[in-house]
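Trainee:
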Amino acid sequence: MAGIKFATPAAKPDEYRNVFVFLETREDKLIKPALEMIGVGKKIADKVGEKLYCVLLGKDIKKEADEAASYGCDVILGAESPDLGTYRTLPYSRIISDFVKEEKPNIFLIPATRNGRDLASRIAVSCEAGVTADCTELDIEQDTRILSANRPTYGESMLAEILCKKHRPQMATARPGIFPVPEKVKSPKGEIRIKKANIDPSLLKKEVLEFRKKNTVDLTDSKVVVSGGMGLGKPEGFGILKELAGEIGGVVGSSRPAVDMGWITRDHQVGQTGQTVRPRLYIAAGISGKIQHIMGMKNSETILSINTDPGAEILKYSDYVINADLYEAIPALINSIREKKKSPAAAAKK
Ligand SMILES: Cc1cc2nc3c(=O)[nH]c(=O)nc-3n(C[C@H](O)[C@H](O)[C@H](O)COP(=O)(O)OP(=O)(O)OC[C@H]3O[C@@H](n4cnc5c(N)ncnc54)[C@H](O)[C@@H]3O)c2cc1C
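Letter by letter, the sequence shown follows residues 1408 to 1757 of the working numbering.
(1) Does DSSP put glutamate 1590 in a helix, a strand or coil?
(2) In angstroms, rounded to a whole number, what distance separates the CA positions of alanine 1665 and glutamine 1676?
(3) Quick one: using the 10 Å Cβ neighbour count with 16 as the cut-off for buried, is serine 1629 buried or exposed?
(4) Please state whether DSSP places arginine 1600 in a helix, a strand or coil.
(5) In angstroms, rounded to a whole number, what distance separates the CA positions of lysine 1470 and leucine 1464?
(6) For the region 1478 to 1486 against the region 1533 to 1546, do three or more pairs of beta-carbon atoms, one drawn from each stretch, fall closer than 8 Å, so that the two count as touching?
(7) If you draw a straight line from the alpha carbon of aspartate 1525 to that of lysine 1747, how long is it in whole angstroms?
(8) Report yes or no: do the region 1609 to 1626 and the region 1735 to 1743 share at least 3 C-beta pairs separated by less than 8 Å?
(9) Which of the three DSSP states is assigned to threonine 1627 in this structure?
(10) The beta strand (DSSP E) spanning cysteine 1571 covers which residue range?
(11) Would you list the residues sitting across from glutamine 1682 in a DSSP beta bridge?
(12) Alpha carbon to alpha carbon, how far is alanine 1441 from serine 1504? Give it in angstroms, no decimals.
(13) Under the rule that 16 or more other beta-carbon atoms within 10 Å means buried, what is glutamine 1682, buried or exposed?
(14) Would you call glutamate 1474 buried or exposed, if buried means 16 or more other Cβ atoms sit within 10 Å of its Cβ?
(15) Could you name the residues of the same chain whose beta carbon sits closer than 8 Å to that of glutamate 1568, not counting the 5 residues immediately before and after it, in chain order?
(16) Within 10 angstroms of its Cβ, does proline 1642 collect 16 or more other Cβ (buried), or is it exposed?
(17) Specify the secondary structure class of asparagine 1730 as computed by DSSP and reduced to three states.
(18) In chain order, what residues of the same chain have a beta carbon less than 7 Å from the beta carbon of alanine 1604, not counting five sequence neighbours either side?
(19) Alpha carbon to alpha carbon, what distance is there between cysteine 1461 and glutamate 1598?
(20) Taking Cβ positions, are isoleucine 1710 and methionine 1704 nearer each other than 9 Å?
(21) Assuming glycine 1638 contacts glycine 1693 under a Cβ cut-off of 8 Å, what Cβ separation, rounded to an integer in Å, is found between them?
(22) Quick one: does alanine 1476 have its CB under 9 Å from some CB of chain C?
(23) Helix, strand or coil, according to DSSP, for glutamate 1650 in the structure here?
(24) Taking the straight line between their C-alpha atoms, what separation do you get for alanine 1536 and cysteine 1571?
(25) Using a strict less-than 5 Å threshold between each residue's beta carbon and the heavy atoms of ligand 1, what residues do you get?
(26) Which ranges would you report for the beta strand (DSSP E) in the region 1482 to 1567 if only whole runs of at least 3 residues count?
(27) Check whether the Cβ atoms of isoleucine 1655 and leucine 1688 lie closer than 9 Å to each other.
(28) With contact counted as at least three CB pairs below 8 Å, one residue from each stretch, are the region 1425 to 1435 and the region 1510 to 1523 in contact?
(29) Over what stretch of residues does the beta strand (DSSP E) that includes methionine 1578 continue unbroken?
(30) Which partner residues does cysteine 1461 have in the DSSP bridge list?
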């Protein structure tokens, strides 16, 4: 932040209260990273006795607003218009910047999705704030109400704590998949304030004709991820991982070099420059455990690694280890799972 000069003097921090989170939607549904923002935003707001405001835009957002309230949001600030049905940079950033100027939040958290990154920078410029991007830890100092925004740096080898002491709101984007989705509250009390937005036509210069869905994998939603790395030795190696994943209801992930080699598409990549996952079971086959990969899967509930090297880094993060050639271990695993499915009693005797 040292080199940035703002046109206006520093804000008066005491005039800024409460925590804003942006609730991104896709196809009229709150996306998981939005729910993650509610969880961390609520934790921060509660710590300093302030309110959590959820900002929601769309064509018809009553259902999403109710859902946000069910997760414990105190105030849902919404704007509806047929032109807000899908994310568009100019109208979204204008409306939300106006909310910020009216309500003066102390903190504003936005998921670091593609849209979220785009939006955060626009709002920051409009409100003369800074943004700490891609945070993996967020907390607040109780006395000063300063946000402690932590993000990995130097190739994920260090964690930098970034403080914004002078300007408000204190803005951060948060990496999807890091913060847990909160539990729903028993009796939601959120106040829903939705207004009809009249969008200035100058903000609608681009006409959206059609959205085409890419056939990509969302690893973050699966309870089981079976990942392969360079230890597979060849692209065909992903075949047995798919077989194993199919048996246990999982999806296939990958380390980055396997993607770079063209063995599997980029949407399967786990890690710092891929997706962050926290499944119930993560299987790492032929993956050494370099920090850039670990960053993307270390919060998995159970980690099983399959590796020929008894000294591989991944072992330190694993709950279970199979120290063997994956081409022997995985077919054996698949066979035993199939046997168990055929006859649970016979498999139990073995
Ligand atoms: C800026 C930056 C960002 C990065 N982002 C990412 C990222 O998002 N995700 C990511 O994964 N990496 C990322 N990397 C790369 C990362 O540093 C490592 O190079 C990479 O994770 C290593 O991949 P790997 O474990 O598949 O390969 P290797 O490190 O080569 O490990 C292969 C492993 O397979 C084992 N093995 C070999 N044969 C077998 C066998 N037959 N059976 C069982 N085990 C076997 C070996 O013992 C070894 O442990 C990034 C790097 C940089 C610099």
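For every residue, glycine included, the Cβ atom is placed at its ideal position computed from N, Cα and C.
Mentor: Once the coordinates are examined:
(1) As a working note, residue 1590 is residue 183 in the sequence shown. The answer is coil: DSSP assigns glutamate 1590 none of H, G, I, E or B.
(2) As a working note, residue 1665 is residue 258 in the sequence shown. As a working note, residue 1676 is residue 269 in the sequence shown. Distance between the alpha carbons of alanine 1665 and glutamine 1676: 9 Å.
(3) Taking the first residue of the sequence shown as 1, we reach residue 1629 at position 222. Result: buried.
(4) Translated into the one-based positions of the sequence shown, residue 1600 becomes position 193. It is a strand residue.
(5) Counted from its first residue, the sequence shown places residue 1470 at position 63. Counted from its first residue, the sequence shown places residue 1464 at position 57. Rounded to the nearest angstrom, the two C-alpha atoms are 12 Å apart.
(6) no
(7) Locating residue 1525 in the sequence shown gives position 118, where the first residue counts as 1. Locating residue 1747 in the sequence shown gives position 340, where the first residue counts as 1. The alpha-carbon atoms of aspartate 1525 and lysine 1747 are separated by roughly 49 Å.
(8) no
(9) In the sequence shown, counting from the first residue as 1, residue 1627 sits at position 220. If DSSP states are grouped into helix, strand and coil, threonine 1627 belongs with the helices.
(10) In the sequence shown, the residue the question calls residue 1571 occupies position 164. No beta strand (DSSP E) holds cysteine 1571; DSSP gives it neither H nor E.
(11) For the purposes of this step, residue 1682 is taken as residue 275 along the sequence shown, with counting starting at 1. Beta-bridge pairing links glutamine 1682 to Val1677.
(12) As a first step, residue 1504 must be located in the sequence shown, where it is residue number 97. As a first step, residue 1441 must be located in the sequence shown, where it is residue number 34. Cα-Cα distance, rounded: 18 Å.
(13) Position 275 of the sequence shown, counted from the start, is the residue given in the question as residue 1682. Glutamine 1682 is buried by the Cβ-count criterion.
(14) Residue numbering aside, residue 1474 sits at position 67 when the sequence shown is read from its first letter. Looking at its Cβ environment, which holds 16 or more other Cβ atoms inside 10 Å, glutamate 1474 is buried.
(15) As a first step, residue 1568 is located in the sequence shown; it is residue number 161 there, counting from the start. Contacts found: Ser1555, Ala1556, Asn1557.
(16) Translated into positions along the sequence shown, residue 1642 becomes position 235. Classification for proline 1642: exposed.
(17) Locating residue 1730 in the sequence shown gives position 323, counting from the first residue. If DSSP states are grouped into helix, strand and coil, asparagine 1730 belongs with coil.
(18) Locating residue 1604 in the sequence shown gives position 197, where the first residue counts as 1. Counting only Cβ-Cβ distances below 7 Å, and skipping sequence neighbours, we find Ala1486, Glu1487, Ser1488, Leu1491, Ile1502.
(19) For this step, residue 1598 is matched to residue 191 along the sequence shown. For this step, residue 1461 is matched to residue 54 along the sequence shown. Their backbone Cα atoms lie some 10 Å apart in a straight line.
(20) Position 303 of the sequence shown holds residue 1710. Position 297 of the sequence shown holds residue 1704. Closer than 9 Å, so yes.
(21) Translated into the one-based positions of the sequence shown, residue 1638 becomes position 231. Translated into the one-based positions of the sequence shown, residue 1693 becomes position 286. Rounded, the Cβ-Cβ distance is 2 Å, consistent with contact.
(22) Here there is only one protein chain, and chain C is not present.
(23) As a first step, residue 1650 must be located in the sequence shown, where it is residue number 243. Glutamate 1650 falls in the helix class under three-state DSSP.
(24) Taking the sequence shown and counting its residues from 1, one reaches residue 1536 at position 129. Taking the sequence shown and counting its residues from 1, one reaches residue 1571 at position 164. One C-alpha to the other measures close to 9 Å.
(25) Gly1562, Gly1636, Met1637, Gly1638, Ser1662, Arg1663, Pro1664, Gly1678, Gln1679, Thr1680, Gly1681, Gly1693, Ile1694, Ser1695, Lys1697, Gln1699, His1700, Asn1714, Thr1715, Asp1716, Ala1719, Asp1732, Leu1733
(26) 1482 to 1487, 1514 to 1518, 1538 to 1542, 1544 to 1548, 1553 to 1560
(27) Taking the sequence shown and counting its residues from 1, the one referred to as residue 1655 is at position 248. Taking the sequence shown and counting its residues from 1, the one referred to as residue 1688 is at position 281. It is a contact, given that the beta carbons lie within the stated cut-off.
(28) yes
(29) Sequence index remark: in the sequence shown, residue 1578 carries index 171 (1-based). It spans 1577 to 1581 - the beta strand (DSSP E) in which methionine 1578 sits, taken as one unbroken run.
(30) Along the sequence shown, one-based indexing puts residue 1461 at 54. Note: cysteine 1461 sits in a beta bridge opposite Val1428, Ile1483.
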